[in-house]
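Engineer:
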Amino acid sequence: MNGVAKQIYDWFDERAGLTELGHKMLNEPMPGGSRYTYVFGSILVYIFMMQLVTGILLMFYYAPTADHAYESTQYIIHNVEYGWFILSFHFWGSSVMVVMVVMHMSQVFLWGAYKKPSELVWVVGTILFTLVVAMGFTGYLLPWDQRSFWATTVGIEIADKTPLIGDFIGQFLRGGPTTGAHTINRFFVLHVMILPLSIMGLATLHIYLFRKAGPAGPYKRDHKELTKTSEYFFPRQVYKDSVAIGIVFLITCALAFYEPVELLGEATPEPGDYNPVPEWYFLFLFQLLRYETFSGEWGQIVGSIVIPVAFMVWLIAIPFIFRNPERRPWKRKFGIMTWAIILLAVAYLTYDYSITEIH
Amino acid sequence: MVNQPKIKMKVVGSDRDAGEVANVIVDPVTKFLSHIVVRTEDGGQRVVPLDQIADVSEGVRLRCSAVEVSGYPPLCRDDYTTVHEQELAGLEARLDVDPGHALLPVPEGDRDIPRRSFFTKFTIAINAVLALPLAYPVFKFLIHPMYGPFDNTWVTLARTDQFQDVDTPKSYRFRKTLKEGYLERTFDKSHWAMKASPETLEAIYQGKDVEFRDKNGDVYWVNRRNVPYVVFSGKCPHLGCGYKWRSTKKYAMAFLCPCHLSIYDIAGTVLTGPAPRPLDVLPTRVTPGGDIETVDIEFKAGLVGRVRVI
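Chains as they are written, first to last, in the working numbering: chain A, -15 to 343; chain B, 5 to 314.
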């Protein structure tokens, strides 16, 4: 910068403290230096921003009412220039986000980075995880086609099984006894206002707590070595994050390009030949509920409520269960094994779904 | 103006050593030092105004004597905060002192603790008074569409002359018009209807007529066990998907739900899968003209008992 540009910058800097703020944000020392294993948090911020941008664009044409949601989505896909691409990018972005959340959590878990003093970072992170999944579930209804209708109908029936409050939750989400005009309004408000604002607030808190606790760094604890190889967040980590973000962007574009969203028939309580299927990241739960073990009234409560709630409680409680300061994965056999078993169980159930024939 | 006194500097009175600088106190308006805190040799801390400083070089030289220092007021630590706890914009640009060590006086009006707690409580009370009356209207606003009356309108599903064979159920569509809030929509819905053989009829009704009740508990229709036309609700009693009458690997022809693979026999009894109860029989009446009519009832899925929802 020179001359007038510098004078203008200095004028703002003196009043807004830009340089100091920039330094504070970017000069975060990372013990042990930058790594490609640390890119997932930044990727999630990036995808969230992209979902925000593409979501806002979709709202230019989308009408969140039962009589126009389907038509307006078809209009976006078939009539609006690049509408198919923006909608498909938004659709695949949600899948990419779920995958990245799981990668992010796995990295933090395997590295033991949730341990003291970072417990609260983890706890807020698990809440963000549920909000991301809720974004996927609420967004699925909005195109108002058969896929949307049945996934929502079954999904809410599952929530309805919660003891005591289930009926109220179901009625509240649907805005009545069946999936209909009020449901789409309610899911729209959740999807574009309540959940995104909650995610923004909690993500800010997540990053604040992370900065307060400091990056955990590598699990090897040789302080001299770590200090010697320490690097600021900028420029090397920002560079690595950008490379990873570029790859994620290309993958999302490729998915949107080669597998663009195509709607089924308009939502109606008459299924015709359609066999309802939820979004792929719910398939494991869908398959679980097919098993005889989870049949009948009580089996169903165990499968649809007790197991998912127990899993969430366990997830939130992880920093308080595994309190040993040891962070090297090979010294934490029990913790690593439980994590592996859960991921394998989800993978197995999804696989089992894919090979199960309907007959 | 003298140089800025620093913490731990030696303080010398006009007669002898007076101690060392323990803290400096910042004036929040001028954003410069107003006092220094001298730790005297007996361990006490005295607040000495800046104008008593004659010179600052290696140490602080005072105009007054060490004895006079002991006459200045002692430091009352509770009346001060550090500049870490209190925002004071631009301080670092004017003052060369470690901000954690510089003290800022708490405004005199804020030193009175009972008044402080009074303001806290009163603020909470005012906000509660503002928020609590809103809670009920907001709650009622949100639940407005949730609990409506049941619709007992009869809809025509099929005609008796469509049933040539017994025990061959078919899905019959009807147009349903529903007004939700301000929005009236017409859409397709379907239920399963059949003409049941005496054995099937016996398996369905098990010797008992079936009563259908309104929201207030009044019986408004009874399905007689000897009427051969049977309508099953199209909603799977497991989790609410739509099931189909089709050939299955294990049970030949049966009702199969493609979601969680519950299978029911011709009488709606669960053969396999996670469903907690048999298929739901709906009110059925045959008009003198031969129309088979039903009421579009749904029961809550996933329960052993039948809880009507629409």
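Don't be surprised by glycine CBs; every beta carbon is placed ideally from N, CA and C.
As the structure is a prediction and not an experimental result, all values here were calculated from the model.
Quick one, which residues of the segment 148 to 165 of chain A are near chain B if we go by CB-CB under 7 Å, in chain order?
Structural biologist: Taking 7 Å as the Cβ-Cβ cut-off against chain B, the residues of the segment 148 to 165 of chain A that qualify are Q155, F156, G159, G160, P161, T162, G164 and A165.
Engineer: What span of residues does the beta strand (DSSP E) with B/H195 cover, start to end?
Structural biologist: L187 to K199 is the span of the beta strand (DSSP E), which, as asked, contains B/H195.
Engineer: When the Cα of B/H1 is compared with those of B/V235, B/N27 and B/G293, which residue comes out closest?
Structural biologist: Nothing in the structure corresponds to residue 1 of chain B, since chain B is present only between 5 and 314.
Engineer: What number of angstroms, rounded off, separates the C-alpha of A/G123 from the C-alpha of A/T114?
Structural biologist: Near 14 Å, if we compare the C-alpha coordinates of A/T114 and A/G123.
Engineer: Rounded to whole angstroms, what is the Cα-Cα separation between B/E45 and A/G96?
Structural biologist: Computed Cα separation, rounded: 51 Å.
Engineer: Quick one: grab the DSSP three-state call for B/R175.
Structural biologist: A quick correction: the sequence has Ser, not Arg, at residue 175 of chain B. Note: B/S175 maps to strand in three-state DSSP.
Engineer: Tell me the rounded alpha-carbon separation between A/L328 and B/N156.
Structural biologist: Straight-line Cα distance between these residues: approximately 49 Å.
Engineer: State whether the segment 155 to 164 of chain A contacts the segment 70 to 82 of chain A, with contact taken as three or more CB pairs (one from each stretch) at a distance under 8 Å.
Structural biologist: They do not touch, by the three-pair rule.
Engineer: Name the chain A residues that come within less than 7 Å of B/A305, Cβ to Cβ?
Structural biologist: Per Cβ cutoff of 7 Å: E141.
Engineer: At which residues does the beta strand (DSSP E) containing B/K1 begin and terminate?
Structural biologist: A query on residue 1 of chain B cannot be resolved here, the shown segment of chain B reaching from 5 to 314 and no further.
Engineer: At a Cβ cut of 9 Å, what residues of the segment 251 to 268 of chain A count as close to chain B, listed as they run along the chain?
Structural biologist: From the segment 251 to 268 of chain A, only A251, T252, P253, E254, P255, G256, D257, Y258, N259, P260 and V261 have a Cβ closer than 9 Å to chain B.
Engineer: Just to confirm, are A/T49 and B/L146 a CB contact at a threshold of 8 Å?
Structural biologist: The answer is no: Cβ separation not under 8 Å.
Engineer: Is B/F167 helix, strand or coil when you go by DSSP?
Structural biologist: Here B/F167 sits in coil by DSSP.
Engineer: Please classify B/C80: is it buried, with 16 or more other beta-carbons within 10 angstroms of its beta-carbon, or exposed?
Structural biologist: With fewer than 16 other Cβ atoms within 10 Å, it is exposed.
Engineer: What residues in its chain sit with their C-beta under 7 Å from that of A/E250, if we drop five residues either side in the sequence?
Structural biologist: Closer than 7 Å at Cβ, skipping near neighbours: Y54, W128 and D129.
Engineer: Which residues bound the beta strand (DSSP E) around B/K14?
Structural biologist: Taken as a continuous stretch (DSSP letters only), the beta strand (DSSP E) holding B/K14 covers K14 to V16.
Engineer: For B/T160 and B/D269, which I take to be in contact (beta-carbon distance under 8 Å), what is that distance rounded to the nearest angstrom?
Structural biologist: Actually they do not touch by this definition, with Cβ atoms about 27 Å apart.
Engineer: Quick check: the segment 10 to 19 of chain A against the segment 206 to 220 of chain A, are at least 3 beta-carbon pairs closer than 8 Å?
Structural biologist: Yes: the two stretches touch, three or more of their Cβ pairs being nearer than 8 Å.
Engineer: Please classify A/F268 as buried or exposed, where buried requires at least 16 neighbouring CB atoms within 10 angstroms.
Structural biologist: Label assigned to A/F268: buried.
Engineer: Could you run through the segment 126 to 137 of chain A and flag, in chain order, every residue whose CB is less than 9 Å away from some CB of chain B?
Structural biologist: Answer in chain order: W134 and T137.
Engineer: Check this for me: beta carbons of A/A187 and A/L112, under 8 Å apart or not?
Structural biologist: In this structure, A/L112 lies closer than 8 Å to A/A187 by Cβ.
Engineer: Identify every run of the alpha helix (DSSP H) within the segment 232 to 303 of chain A, keeping only runs that are complete inside it and at least 4 residues long; order them along the chain.
Structural biologist: You should have 267 to 272 and 280 to 285.
Engineer: Counting only C-beta atoms, is B/F145 closer than 8 Å to chain A at any point?
Structural biologist: Answer no: the Cβ-Cβ gap between B/F145 and chain A never drops below 8 Å.
Engineer: B/V2 and B/V64: beta carbons closer than 8 Å?
Structural biologist: The structure shown has nothing for residue 2 of chain B, since chain B only spans 5 to 314.
Engineer: Since B/P280 and A/E281 should fall inside the 8 Å C-beta cutoff, what is the C-beta to C-beta distance between them, to a whole number of angstroms?
Structural biologist: About 5 Å separates the two Cβ atoms, so the contact holds.
Engineer: Which partner residues of B/A258 appear in the DSSP bridge assignment?
Structural biologist: For B/A258, which the question treats as bridged, DSSP gives the partners B/R250.
Engineer: Can you round the beta-carbon distance between B/T288 and B/V231 to whole angstroms, since I take them to be within the 8 Å contact cut?
Structural biologist: B/T288 to B/V231, Cβ: 7 Å. Contact.
Engineer: Relative to the C-alpha of B/D169, which residue among B/A197, B/K180 and B/F143 is closest?
Structural biologist: Among B/A197, B/K180 and B/F143, the Cα nearest to that of B/D169 is on B/A197.
Engineer: Considering only the beta carbon of each residue, do A/P253 and B/K144 sit closer than 8 Å?
Structural biologist: Contact flag unset, no.
Engineer: Counting pairs of beta carbons, one from the segment 254 to 272 of chain B and one from the segment 258 to 273 of chain A, are three or more of them closer than 8 Å?
Structural biologist: The segment 254 to 272 of chain B is in contact with the segment 258 to 273 of chain A.
Engineer: Do the segment 29 to 46 of chain A and the segment 57 to 65 of chain A meet, that is, are 3 or more Cβ pairs less than 8 Å apart?
Structural biologist: In short, these stretches touch, since the Cβ pair count reaches three.
Engineer: Tell me the rounded alpha-carbon separation between B/V274 and B/I301.
Structural biologist: Approximately 20 Å between the Cα atoms of the pair.
Engineer: Under 7 Å Cβ-Cβ, which residues of chain A neighbour B/C263?
Structural biologist: Those within 7 Å of B/C263 in chain A are V138 and P260.
Engineer: Roughly how many whole angstroms lie between the Cα atoms of A/R170 and A/R307?
Structural biologist: Rounded to the nearest angstrom, the two C-alpha atoms are 41 Å apart.
Engineer: When Cβ atoms are compared, which residues of the segment 69 to 86 of chain B fall closer than 9 Å to chain A?
Structural biologist: Hits within the stretch: zero.
Engineer: Would you say A/W323 and A/S90 are within 8 Å of each other, going by their C-beta atoms?
Structural biologist: Yes.
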